[in-house]
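Student: So the sequence shown is numbered by our numbering: it starts at 288 and just counts up by one.
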Amino acid sequence: MSIYMIGDVQGCDAALGRLLEHIDFSPSRDTLYLLGDLVNRGPASLAVLRRLIALEGAAHALLGNHDLHLLAAANGVRKSHRHDTVHDILDARDRDALLDWLRTRPMAVYAHGWLMVHAGVLPQWDVADTMARAGELEAVLRGAHWKAFLKTMYGNDPVQWNDALRGTDRLRVIVNAFTRLRFCSAQGEMEFESKDSANDAPKGFMPWYEVPGRRTEGVPVAFGHWSTLGALNRKDLQALDTGCVWGGCLTAARITGTPGQVERLMVRCEQARQPGKD
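1) Taking 7 Å as the limit between beta carbons, can you name the residues of its chain near Val396, skipping five residues before and five after?
2) Which residue's Cα is closest to the Cα of Ala334: Ala360, Thr417, Ala473 and Leu385?
3) Taking the beta carbon of Ser332 as the centre, do at least 16 other beta carbons fall within 10 Å, making it buried, or is it exposed?
4) Quick check on this structure: which residue in Cys531, Val460 and Ser313 has the alpha carbon closest to the alpha carbon of Leu572?
5) In the DSSP assignment, the beta strand (DSSP E) including Ala540 goes from what residue to what residue?
6) Report the start-end ranges of each beta strand (DSSP E) in the stretch 300 to 328 that is 3 residues or longer and not cut off at the edges.
7) When the Cα atoms are used, what is the spatial distance from Trp433 to Val373?
8) Lys564 by DSSP, collapsed to three states: which one?
9) Give a yes or no on whether the C-beta atoms belonging to Val326 and Gly298 are separated by under 7 Å.
10) Among Pro330, Gly475 and Leu458, whose alpha-carbon lies nearest the alpha-carbon of Tyr496?
11) Alpha carbon to alpha carbon, how far is Thr543 from Tyr291? Give it in angstroms, no decimals.
12) Whole angstroms are fine: how far does the CA of Thr529 sit from the CA of Gln411?
13) I need the DSSP call for Leu552, collapsed to helix, strand or coil.
14) Using a Cβ-Cβ cutoff of less than 8 Å, which residues in the same chain neighbour Asn362 once the five nearest sequence positions on both sides are dropped?
15) Rank Pro507, Gly511, Leu537 and His512 by C-alpha distance to the C-alpha of Val549 and give the top, closest one.
16) Look up His347 in the DSSP assignment and give the residues it is bridged to.
17) Does the Cβ-Cβ distance between Val446 and Ala473 come in under 7 Å?
18) Have a look at the DSSP bridge pairing and note the partners of Glu478.
19) Give the straight-line distance between the Cα atoms of Trp533 and Val296, rounded to the nearest whole angstrom.
20) With H, G and I counted as helix, E and B as strand and the rest as coil, what does DSSP make of Met493?
21) Among Leu428, Trp388 and Thr417, which has the Cα closest to the Cα of Ile571?
22) Pick from Gly407, Asp300 and Asn443: whose alpha carbon is nearest that of Cys531?
23) Across the stretch 365 to 379 and the stretch 479 to 486, are there enough close Cβ pairs to call them in contact, namely three or more that are closer than 8 Å?
24) Which ranges would you report for the alpha helix (DSSP H) in the stretch 385 to 453 if only whole runs of at least 4 residues count?
25) Just to confirm my understanding: we take Ala526, look at its own chain, exclude 5 residues before and 5 after, and list those with CB closer than 7 Å. What are they?
26) Nearest by alpha-carbon distance to Ala421: which of Leu336, Arg369, Arg521 and Thr466 is it?
27) Identify the continuous beta strand (DSSP E) that holds Leu524 and give its terminal residues.
28) For Arg424, which option in Val414, Gly442 and Asn463 has the closest C-alpha, if you only look at C-alpha atoms?
29) Looking at the secondary structure, which residues open and close the beta strand (DSSP E) in which Ala509 lies?
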C-alpha cells in the first residue's frame with residue numbers, strides 16, 4: 288500500500304494519467320491526496336473530475352482557488368476569464384452532480400502525519416485550529432446556503448485572523464488563507480498581490496512558512512498553489528505545485544514510513560501556457 292500527495296493538476300488529465308501509470312497506482316491498494324486546483328487552465332478539466340470521482344475512496348481531493356472559481360462561475364457570481372478552460376464542465380449534462388461533488392471536498396486534511404492544504408496555513412493556527420477553521424468553511428459549502436456564501440467570498444479584507452471575527456469576514460479570512468496565501472507579515476497579515484518566488488517577498492512580508500513562531504512549526508505540511516516557488520523539498524514542508532499547466536511537471540510525493548520524509552515522483556506535462564498566473 289502506498290500513499291501519495293499530488294500537486295495542482297489544473298485540468299491536465301493526460302499528465303495525471305501518466306503520473307498514475309508512473310507510480311503504478313492501484314485504487315484497490317493505494318491512496319491519493321490531491322492538493323486542490325483540480326480544474327482550469329489545462330485542456331481537460333471535465334476528464335479530471337470524472338477520473339477522480341471514479342476513484343472515490345482511493346482519491347481524496349482538496350479545494351483550491353480555481354475550484355472555487357468554477358463554483359462561482361457556474362452560479363453567475365463571477366464571469367469566466369478568457370483563459371478559463373472549464374466550459375466542458377459547465378456544458379456537461381451532469382454538471383450539477385459534478386459541482387455538488389466538488390463543493391463537498393475538504394479544505395484541509397491531516398492524515399498520515401501530514402497537514403495538507405492548497406495554499407497555506409496562518410501562523411496563528413496550530414493543527415487543531417487549522418482543521419476547525421477548515422470545518423467551518425466546509426460546513427457552509429456543503430450546506431443549503433452555499434450559493435449565497437459564494438457571493439460574499441471574494442475580497443482581500445480582513446487581511447489578518449482574529450478569533451473574534453464572525454460571519455462573512457471570518458469565512459473570507461479562512462478561504463483566503465487556505466486558497467490564496469503565499470506571503471504574510473510576522474503578525475500574520477496576508478499579502479495577495481505578489482506571485483513571485485520566495486526570494487522576492489514584498490517589503491515587510493515573508494513566505495507564510497517562514498514566519499517566526501508559527502504554530503504549525505514542526506508539523507509536516509504539504510501544499511500547492513505556488514508554482515513560482517521552485518523546489519521546496521524538506522522534511523517539514525513539501526511544495527507540490529511544480530507548474531504542470533505551465534509546461535512543468537506534475538509531482539507526486541509518496542509518504543514513506545519515516546516521519547516527514549517522502550519520495551518525489553514527476554512526469555512532464557505537454558501543456559505549455561505562459562507562466563505568471565496562479
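Here a beta-carbon is modelled for each residue, glycine too, at the ideal position from N, C-alpha and C.
Please read all numbers here as calculations on a predicted model, not as lab measurements.
Tutor: A quick look at the data gives this:
1) As a first step, residue 396 must be located in the sequence shown, where it is residue number 109. Closer than 7 Å at the Cβ level, and outside the excluded window around Val396, lie Tyr320, His347, Leu349 and Met403.
2) Indexing the sequence shown from 1 puts residue 334 at position 47. Looking at the Cα atoms, Leu385 is the closest of the given residues.
3) As a first step, residue 332 must be located in the sequence shown, where it is residue number 45. By the 10 Å Cβ count, Ser332 comes out buried.
4) For the chain, the structure presents residues 288 to 565; residue 572 sits outside this window and is missing.
5) For this step, residue 540 is matched to residue 253 along the sequence shown. Where Ala540 is concerned, the enclosing beta strand (DSSP E) stretches over Cys536 to Ile542.
6) 318 to 321
7) As a first step, residue 433 must be located in the sequence shown, where it is residue number 146. As a first step, residue 373 must be located in the sequence shown, where it is residue number 86. Roughly 20 Å separates the two Cα atoms.
8) Reading the sequence shown from its first residue, position 277 is the one you call residue 564. For Lys564, the predicted model reports a pLDDT of 45, less than 50, meaning its position is unreliable and no value from the coordinates is stated.
9) Taking the sequence shown and counting its residues from 1, the one referred to as residue 326 is at position 39. Taking the sequence shown and counting its residues from 1, the one referred to as residue 298 is at position 11. Yes.
10) The residue you call residue 496 lines up with position 209 of the sequence shown. Comparing Cα-Cα distances from Tyr496 to each of Pro330, Gly475 and Leu458, the minimum goes to Gly475.
11) Looking up residue 291 in the sequence shown gives position 4. Looking up residue 543 in the sequence shown gives position 256. Tyr291 and Thr543 have their alpha carbons spaced roughly 9 Å apart.
12) Here residue 411 refers to the residue found at position 124 when the sequence shown is read from its first residue. Here residue 529 refers to the residue found at position 242 when the sequence shown is read from its first residue. So the alpha carbons of these two residues sit roughly 27 Å apart.
13) Along the sequence shown, read from residue 1 onward, the residue named residue 552 stands at position 265. Leu552: strand per DSSP, three-state reduction.
14) Residue mapping note: residue 362 aligns to position 75 of the sequence shown, counting from 1. Cβ neighbours of Asn362 beyond the five flanking positions: Lys434 and Leu437.
15) Counting from one through the sequence shown, the residue named residue 549 turns up at place 262. Proximity to Val549 across Pro507, Gly511, Leu537 and His512 peaks at Pro507, based on C-alpha coordinates.
16) For the purposes of this step, residue 347 is taken as residue 60 along the sequence shown, with counting starting at 1. Looking at the DSSP output, His347 shares a beta bridge with Tyr320.
17) Numbered from its first residue, the sequence shown carries residue 446 at position 159. Numbered from its first residue, the sequence shown carries residue 473 at position 186. No, they are not a contact pair.
18) Counted from its first residue, the sequence shown places residue 478 at position 191. Glu478 pairs with Phe470.
19) Along the sequence shown, one-based indexing puts residue 533 at 246. Along the sequence shown, one-based indexing puts residue 296 at 9. Spanning the two alpha carbons is a distance of roughly 11 Å.
20) Within the sequence shown, residue 493 is the residue found at index 206, counting from 1. In this structure, Met493 counts as strand in the three-state DSSP scheme.
21) The structure shown does not extend to residue 571, since the chain spans only 288 to 565, so no value can be given for it.
22) For this step, residue 531 is matched to residue 244 along the sequence shown. The residue from Gly407, Asp300 and Asn443 with its alpha-carbon nearest to that of Cys531 is Asp300.
23) no
24) Qualifying alpha helix (DSSP H) stretches, in chain order: 414 to 428 and 433 to 439.
25) Translated into the one-based positions of the sequence shown, residue 526 becomes position 239. Excluding residues within five positions, the ones whose Cβ falls inside 7 Å are Phe510, Trp513, Leu516 and Leu519.
26) Residue 421 sits at position 134 when you count from the first residue of the sequence shown. Here the closest residue by C-alpha is Thr466.
27) Within the sequence shown, the letter at position 237 stands for residue 524. Leu524 to Ala526 is the span of the beta strand (DSSP E), which, as asked, contains Leu524.
28) Along the sequence shown, read from residue 1 onward, the residue named residue 424 stands at position 137. Checking the displayed sequence, the identity of residue 424 turns out to be Leu instead of Arg. If we check each option's Cα against that of Leu424, Asn463 comes out closest.
29) The count along the sequence shown starts at 1 and reaches residue 509 at position 222. From DSSP, the beta strand (DSSP E) with Ala509 extends over Val508 to Phe510.
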